[in-house]
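Peer 1: Residue 167 in the UniProt record's numbering is what sits at position 167 of the sequence shown, and the numbering runs on without skipping anything.
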Amino acid sequence: MNATNPIPKDVAGHAISLTLNGQLRQLDVQPWTTLLDLLRDRLDLVGTKKGCDHGQCGACTVLRDGKRINACLTLAIMCDGAELTTIEGLADGDTLHPMQQAFIKHDAFQCGYCTPGQICSAVGLANEGRASTRAEIQELMSGNLCRCGAYSNILAAVEEALPQFHDATHTQTQEQKVSA
1 MNATNPIPKD VAGHAISLTL NGQLRQLDVQ PWTTLLDLLR DRLDLVGTKK GCDHGQCGAC
61 TVLRDGKRIN ACLTLAIMCD GAELTTIEGL ADGDTLHPMQ QAFIKHDAFQ CGYCTPGQIC
121 SAVGLANEGR ASTRAEIQEL MSGNLCRCGA YSNILAAVEE ALPQFHDATH TQTQEQKVSA
């Protein structure tokens, strides 16, 4: 290594397999490649934003196996075998995800830069099933910053969409009990 070319040429890539937005992907990645850089630079999925690159703003939030993660802090090789969902994978064809619909209805964005991370985080929050009050939603969404200050609209959107997740979870639980 030298100052003009800090990346060694003899470092082998690592083969990983993951499901990205419902599609199985086989990729060769360098060990230092972050998930964020893989998504944006190699796979052209630019909905996931690069804000701070330190895990402090939440603009890069995506879902790994249904749970929220910061893509800027996650090495791509750590996602081998994982199911990843980005903002591009939430809609079902032309039908927006209920959280996306709620964000539009409540005008829960101004410049829109943080919106993909906010929506993915809100979906992850709903999947966790831990938030049932406004204060809990605020606390559990605090890892996602909005520099424009659209917090009240974001909170209203999440509050509206959460019951749909709880209803779906309750329905699935009831169906599992009936089939057992």
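We treat Cβ as the ideally placed atom computed from N, Cα and C, and that holds for glycine. Every value quoted in this text rests on a predicted model; they were computed, and no experiment measured them.
State the start and end residues of the unbroken beta strand (DSSP E) segment that holds Lys49.
Peer 2: From DSSP, Lys49 is part of no beta strand (DSSP E); its letter is neither H nor E.
Peer 1: Using DSSP's beta-bridge definition, name the partner residues of Leu84.
Peer 2: Leu84 is bridged to Leu20, Arg64.
Peer 1: If contacts are defined as beta-carbon pairs under 8 Å, then Thr34 and Ala71 qualify, I think. What distance do you get, rounded to the angstrom?
Peer 2: Yes, they are in contact, since the Cβ atoms of Thr34 and Ala71 sit about 7 Å apart, within 8 Å.
Peer 1: Quick one, which of Asn21, Ala15, Met141 has its alpha-carbon nearest Cys66's?
Peer 2: Residue identity check: residue 66 is Gly in the sequence provided, not Cys. When only C-alpha atoms are compared, the closest one is Asn21.
Peer 1: According to DSSP, is Asp28 part of a helix, a strand, or is it coil?
Peer 2: Strand at Asp28.
Peer 1: Quick test of your reading: Asn144 and His106, contact by CB under 8 Å. State the CB separation rounded to the nearest angstrom.
Peer 2: About 15 Å separates the two Cβ atoms, so there is no contact after all.
Peer 1: Buried or exposed for Arg40, please, with buried defined as at least 16 other CB atoms from any protein chain shown within 10 angstroms of its CB.
Peer 2: So Arg40 counts as buried.
Peer 1: On the criterion of 16 or more Cβ atoms from any shown chain inside 10 Å, does Leu24 qualify as buried, or is it exposed?
Peer 2: Exposed: under 16 other Cβ atoms inside 10 Å.
Peer 1: I'd like to check one pair, Gly117 with Lys49: are the Cβ atoms closer than 8 Å?
Peer 2: Contact flag set, yes.
Peer 1: Taking C-beta to C-beta, are Asp58 and Glu88 nearer than 8 Å?
Peer 2: For the record, residue 58 in the displayed sequence is Gly; it is not Asp. Result no, Cβ atoms of Gly58 and Glu88 do not sit closer than 8 Å.
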